[in-house]
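Numbering (this note's numbering), first residue to last: 1 to 286.
Where a beta carbon is used, it is the ideal one built from N, C-alpha and C, also for glycine.
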Amino acid sequence: MDYNSIQQLLKLAARNNKRIGEIVLAVEAEKENESPDTIRGQMVISWEVMKQSLKKGVTEDIRSISGLSGGDGKLFFARQPKYLSPHISKAVAWALGVAEVNAAMGRIVACPTAGSSGIVPAALMLAKERLAVDEEKIITALFTAAGIGIICSVNASISGAEGGCQAETGVAAAMAAGALTELAGGSPTMVGHAVALCLSNMLGLVCDPVAGLVEVPCVLRNAGGLMQAVLAAELALSGIQSRIPVDEVIEAMNEVGDSLPESLRETALGGLANTPTGNQYRKKVQ
Numbered sequence: 001m002d003y004n005s006i007q008q009l010l011k012l013a014a015r016n017n018k019r020i021g022e023i024v025l026a027v028e029a030e031k032e033n034e035s036p037d038t039i040r041g042q043m044v045i046s047w048e049v050m051k052q053s054l055k056k057g058v059t060e061d062i063r064s065i066s067g068l069s070g071g072d073g074k075l076f077f078a079r080q081p082k083y084l085s086p087h088i089s090k091a092v093a094w095a096l097g098v099a100e101v102n103a104a105m106g107r108i109v110a111c112p113t114a115g116s117s118g119i120v121p122a123a124l125m126l127a128k129e130r131l132a133v134d135e136e137k138i139i140t141a142l143f144t145a146a147g148i149g150i151i152c153s154v155n156a157s158i159s160g161a162e163g164g165c166q167a168e169t170g171v172a173a174a175m176a177a178g179a180l181t182e183l184a185g186g187s188p189t190m191v192g193h194a195v196a197l198c199l200s201n202m203l204g205l206v207c208d209p210v211a212g213l214v215e216v217p218c219v220l221r222n223a224g225g226l227m228q229a230v231l232a233a234e235l236a237l238s239g240i241q242s243r244i245p246v247d248e249v250i251e252a253m254n255e256v257g258d259s260l261p262e263s264l265r266e267t268a269l270g271g272l273a274n275t276p277t278g279n280q281y282r283k284k285v286q
């Protein structure tokens, strides 16, 4: 049993009447020649680290060495939202906070990268609180997210230096969108549409880190990626479908990434990094 595309993964889940995460777990156990319990145990450890960074990011005064980031997660967590629901507002704070823990050299789970580490944990904690799902389902959802990330990494990229920020926060958001959709009872087909819709909305996002650091605009893009994930999940759960098949969207993301100039692929030579203020920050940090 194996898969090389989202559609193959979705068909395996539907044919075997299992969650996508259960298929991913079985495949990984077979590849690693380990028991499913062993592989699942490793994911439990990852979830524990995620929960620690979620808490730290919104309760502690975190500051990066550069001074470019820190404190936004805690600040947002404490405020009363004007437009967002309390649940979504907390999730945004979590996404910001985890990204700030990363920028301050704290312990996080690269999901799929360090720069996009806040999106999936924040989304799953949102589901845990909003839907009252248990830890067992959260762990399975992490495998669902992992399967989506694996396919994106093989058929496109998860590297900002290779494919722009669409390959980092974009893929992280797509992973979260798929996991959220499944946790809310969505079918494998709906999961596929959620991934496609999310990636479509983030197609072309460039990687332009100010001063070459994973802080500005990276931290705030974790919050934006979370919102795109939630939106895509809700769209798919309502029955809205992506007109472009999910695997073609991933191929398009790869094509767009290849087309980006070097200045917009993590070199800090273009975009926000090359603004007058961005260059001032670079000189200050150096």
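Answer with buried or exposed for residue i, where buried requires no fewer than 16 other C-beta atoms within 10 angstroms of its C-beta.
| i | result |
| --- | --- |
| A247 | Looking at the sequence itself, residue 247 is Asp, so the reference to Ala does not match. So D247 ends up on the buried side. |
| A132 | exposed |
| L84 | exposed |
| L75 | exposed |
| E266 | buried |
| R243 | exposed |
| K283 | exposed |
| R79 | exposed |
| R107 | exposed |
| T277 | exposed |
| M1 | exposed |
| V249 | buried |
| P209 | buried |
By alpha-carbon positions, which one of the options ends up nearest to residue i?
| i | options | result |
| --- | --- | --- |
| A273 | L213, V230 and E28 | L213 |
| C198 | V154, A179 and G257 | A179 |
| G66 | M105, V44 and E32 | Going by the sequence as given, residue 66 is Ser instead of Gly. Checking every option, the nearest Cα to that of S66 belongs to M105. |
| A127 | H87, A93, R107 and A196 | H87 |
| G257 | K31, C165 and P188 | C165 |
| G204 | S69, R19, L264 and A78 | L264 |
| S259 | N201, C207 and V92 | C207 |
| E60 | I139, V101, E262 and S157 | V101 |
What is the residue span of the alpha helix (DSSP H) that residue i lies within?
| i | result |
| --- | --- |
| S153 | E135 to N155 |
| N279 | P276 to V285 |
| M1 | Per DSSP, M1 belongs to no alpha helix (DSSP H) and is neither H nor E. |
| A184 | Here A184 belongs to no alpha helix (DSSP H), and DSSP marks it neither H nor E. |
| E251 | V246 to S259 |
| A232 | C218 to L237 |
| N102 | P86 to A103 |
| I65 | Careful: I65 lies outside any alpha helix (DSSP H) and carries neither H nor E. |
| P81 | No alpha helix (DSSP H) holds P81; DSSP gives it neither H nor E. |
Between residue i and residue j, which are expected to be in contact by the criterion C-beta below 8 Å, what is the C-beta distance as a whole number of angstroms?
| i | j | result |
| --- | --- | --- |
| S46 | V109 | 5 Å |
| S69 | V285 | Contact flag wrong, Cβ pair sits at about 12 Å. |
| I150 | V44 | About 19 Å; that fails the 8 Å criterion. |
| Q7 | G192 | 7 Å |
| S345 | A26 | Outside the shown range of the chain, which is 1 to 286, sits residue 345, and nothing can be said about it. |
| M307 | A156 | No information on residue 307 is available, as it lies outside the stretch 1 to 286 that the chain covers here. |
| G271 | P261 | About 10 Å; that fails the 8 Å criterion. |
| G225 | A173 | 4 Å |
Whose C-beta lies closer than 6 Å to the C-beta of residue i among residues of the same chain, with five residues either side of it excluded?
| i | result |
| --- | --- |
| A194 | A177, G178, T181, A232, A233 and A236 |
| E168 | T113, G115, S116 and G160 |
| N33 | none |
| G97 | G57, V58 and G73 |
| A145 | V120, M175 and A179 |
| N201 | Q228 |
Tell me which residues share the same chain as residue i and place their Cβ nearer than 8 Å to its Cβ, disregarding the 5 neighbours each side in the sequence.
| i | result |
| --- | --- |
| R130 | H87 |
| L54 | W94, G97, V98, P121, A122 and M125 |
| A14 | S187, P188 and T189 |
Given residue i, which residues of its chain have a CB within under 7 Å of its CB, disregarding the five upstream and five downstream residues?
| i | result |
| --- | --- |
| C218 | A99, G115 and P209 |
| K90 | F77 |
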